[in-house]
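Using my numbering, the first residue of the sequence shown is number 726, and each one after it goes up by one.
To keep things clear, I will list the structure first and then write my remarks on it.
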Amino acid sequence: MGGAFNQDWEDEWSSAEEVFASILSGYPEFRRQLLSDLRLIDDSCSGDEIDDLLLNLGSGFSPDIDAGMEAKAWVRSLSARVAASLDG
Numbered sequence: 726m727g728g729a730f731n732q733d734w735e736d737e738w739s740s741a742e743e744v745f746a747s748i749l750s751g752y753p754e755f756r757r758q759l760l761s762d763l764r765l766i767d768d769s770c771s772g773d774e775i776d777d778l779l780l781n782l783g784s785g786f787s788p789d790i791d792a793g794m795e796a797k798a799w800v801r802s803l804s805a806r807v808a809a810s811l812d813g
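Below, the structure written as structure tokens:
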């Protein structure tokens, strides 16, 4: 996901939703690792720490701005979505 959410991700994708849909439509091994990473982040980071992590990774993605939700809620929402994509 980090490769898609680089500093100029908005030049390559029309929305964050388009990035998620693309990633969640394939790559099962990646999705399993992503789910593990998201759960670890949820368990060990505050919302501010998640925002800092995204900034320090150079993602150019802000949950507040780009997804309309707080960072912690975004991680939980994305975790649920990744889990559902693996179950389906």
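Heads up, the beta-carbon is just placed ideally off N, CA and C, and yes, glycines get one too.
It should be emphasised that the depicted structure is a prediction, and the values quoted were computed from it without experimental measurement.
Straight-line spacing of the CA atoms in Arg-757 and Ser-739 works out to 25 Å. When C-beta atoms of the region 766 to 773 are compared with those of the region 797 to 804, three or more pairs fall below 8 Å, so the two segments count as touching. Phe-786 carries a coil assignment under DSSP once its states are collapsed to helix, strand and coil.
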